[in-house]
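Listed in order, the protein sequences are those of chains B and Z.
Per full-length UniProt numbering, the first sequence runs over residues 1 to 202.
Per full-length UniProt numbering, the second sequence runs over residues 1 to 202.
Using N, Cα and C, we set each Cβ at its ideal position, and we do this for glycine too.
Computed from a prediction, not measured in an experiment: that's the story for all the values here.
A short write-up of the structure that comes next.
2 protein chains.
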Amino acid sequence: MSQLTPDAGPPLRRGRGRRPADQVRAEILAAAGKLLLAEGMAGFTIEKVAAQAGASRMTIYKWWPSKGALALDGYFTVVGPTLAFHDTGDVVADLTSQLVAFVHLMNDTPAGRVISQLIAQAQTDPDLAAAYRQRYSAPRRALAVEAINRAVARGQLRADIDPESVVDQLWGACYHRLLIPDQPLTEEFARTLVDNLMRGLR
Amino acid sequence: MSQLTPDAGPPLRRGRGRRPADQVRAEILAAAGKLLLAEGMAGFTIEKVAAQAGASRMTIYKWWPSKGALALDGYFTVVGPTLAFHDTGDVVADLTSQLVAFVHLMNDTPAGRVISQLIAQAQTDPDLAAAYRQRYSAPRRALAVEAINRAVARGQLRADIDPESVVDQLWGACYHRLLIPDQPLTEEFARTLVDNLMRGLR
């Protein structure tokens, strides 16, 4: 997971030629994601992201309305490759491998602590709550629903299921153990979640 | 749900005869639960609970090591009747009615806001996190596991299921929507959660 624990990388780059806007945006997002994972929201500032990405604060404010929005977009970007939905055509294998990758991300990297503190802060900070939903959880949910719908289209899952509810019973069940750790969040747990839903409990 | 939105009730009772310890304890717990639901942790103090229950602070400290412990024990007590697991012998009906009652408690009373703020605060307050788990979530989880195990014993659910994982896929899925409200926490959602697990998705 080198994208989650990178070394500092190239600092200020004002000396070189002007970068295309897409590249600047990508470098700002990468810097924001790295900074969030390294310091959490407590140490996250637009100034630090700007310095690390070699961009001006004005450029950042042009694209992101708030610190929370930038942090969540950066987090979405940096965890994206780890949380990709691969499509081998086998829905059980694909959901399981994605869910196992999510469990490892939460357990083995700073992402678990960072995301639980973001969810916590969102309970009393409406702007952060909106940024979290719009820039992280809703787009991640959409990717999961897409993966479930592909399996429905292939006839691997019933056509009358509600994909949104499945998201809550797979990833939501993991967030439950992350936030209220009465029971451990393990790879075996992830596999059991998929198995319960696929086989049914009866 | 009169136990959740009571009026002030009898105040200080120092004038009357000495109450048995069990009764004092029950009145302290009821007062603590009421105060938590009325004011959240922000307005919760041992002084206010003592005044409302007509007990001394010393009595409260004798039984509860911290404000958080008292608040969580009070919450467990006050929501207990609403969240009872009735046993009619029909596991689908029983799980559904309990889960629907939980959804209404979260949506229609102050409990939803209070519990989400307790979970939030627990992310950065280890003492509150321990009190939450020991005095609320672990005992509630045990009641749910008991209900699931009764259905296993009756042959209504497979003997090889992991009841703990079912708790995360029913109540945990609801907490996910409570804390990250991308999708609404509704009675229909509760019914779908049970249905997904009972029928399976295939």
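Nearest residue (CA-CA) to residue i, options the options
i	options	result
ASP108(Z)	VAL145(Z), GLU187(Z), GLU146(Z)	GLU187(Z)
LYS62(B)	TYR175(B), ASP94(B), ILE28(B), GLN123(B)	ILE28(B)
VAL117(B)	LEU118(Z), GLN117(Z), GLN123(Z)	Here residue 117(B) is Gln; the residue named in the question, Val, does not match the sequence. Ranking LEU118(Z), GLN117(Z), GLN123(Z) by Cα distance to GLN117(B) puts GLN123(Z) first.
SER66(Z)	ALA21(Z), ILE46(Z), LEU157(Z)	ILE46(Z)
GLN98(Z)	ASP125(Z), ARG141(Z), TYR75(Z)	ARG141(Z)
ALA53(B)	GLN183(B), VAL100(B), GLY112(B), VAL24(B)	VAL24(B)
ALA26(Z)	ALA120(Z), GLY112(Z), PRO163(Z), TRP64(Z)	TRP64(Z)
ILE60(B)	THR82(B), ALA30(B), GLY43(B), PRO81(B)	ALA30(B)
ARG19(B)	SER56(B), PHE44(B), ALA42(B)	SER56(B)
PHE44(Z)	ALA21(Z), TYR75(Z), MET58(Z)	TYR75(Z)
Any C-beta of chain B under 8 Å from that of residue i
i	result
SER97(Z)	no
THR5(Z)	Reliability of the predicted coordinates at THR5(Z) is poor, the pLDDT of 44 falling under 50, and the value obtained from them is presented with this limitation in mind. Chain B, which has no Cβ nearer than 8 Å to the Cβ of THR5(Z), makes this no.
HIS86(Z)	no
ALA173(Z)	yes
ASP94(Z)	no
ASP127(Z)	no
HIS104(Z)	no
SER2(Z)	Caution is warranted here: a pLDDT of 41 is assigned to SER2(Z), below 50, making its placement in the model unreliable, and no coordinate value can be reported.
ALA144(Z)	no
ASP182(Z)	yes
ALA131(Z)	no
ALA120(Z)	yes
ARG177(Z)	yes
ASP168(Z)	yes
Whether residue i touches residue j by CB criterion (8 Å)
i	j	result
ALA50(Z)	ALA173(B)	no
ARG177(B)	THR96(B)	no
SER165(B)	ILE180(Z)	no
VAL114(B)	GLY40(B)	yes
LEU35(Z)	LYS48(Z)	yes
THR77(Z)	GLY33(Z)	yes
LEU105(Z)	VAL145(Z)	no
LEU157(Z)	ARG202(B)	yes
VAL103(Z)	LEU185(Z)	yes
ASP160(Z)	ARG133(B)	no
PHE85(Z)	LEU143(Z)	yes
ALA111(B)	ALA120(Z)	no
Cutoff 8 Å: residue i Cβ touching any chain Z Cβ
i	result
THR124(B)	yes
PHE189(B)	yes
TYR75(B)	no
ALA138(B)	yes
ASN196(B)	yes
ASP90(B)	no
THR192(B)	yes
GLU164(B)	yes
GLY9(B)	Reliability of the predicted coordinates at GLY9(B) is poor, the pLDDT of 48 falling under 50, and the value obtained from them is presented with this limitation in mind. No, no contact with chain Z.
ARG135(B)	no
ARG18(B)	no
ARG202(B)	yes
LEU157(B)	yes
THR186(B)	no
LEU72(B)	no
Taking 8 Å as the cut-off, does the region 69-77 of chain Z touch the region 141-151 of chain Z (at least 3 CB pairs, one atom from each stretch)? no
Decide if the region 161-169 of chain Z is in contact with the region 188-201 of chain B; the criterion is three or more beta carbon pairs, one per stretch, under 8 Å apart. yes
Uninterrupted alpha helix (DSSP H) stretches inside the region 15-52 of chain Z (no shorter than 4 residues): 21-39
Would you mind listing the alpha helix (DSSP H) stretches within the region 157-191 of chain B that are 4+ residues and don't spill past its ends, in chain order? 163-167, 173-179
In chain order, which alpha helix (DSSP H) runs of at least 4 residues are fully inside the region 118-161 of chain B? 126-132, 138-153
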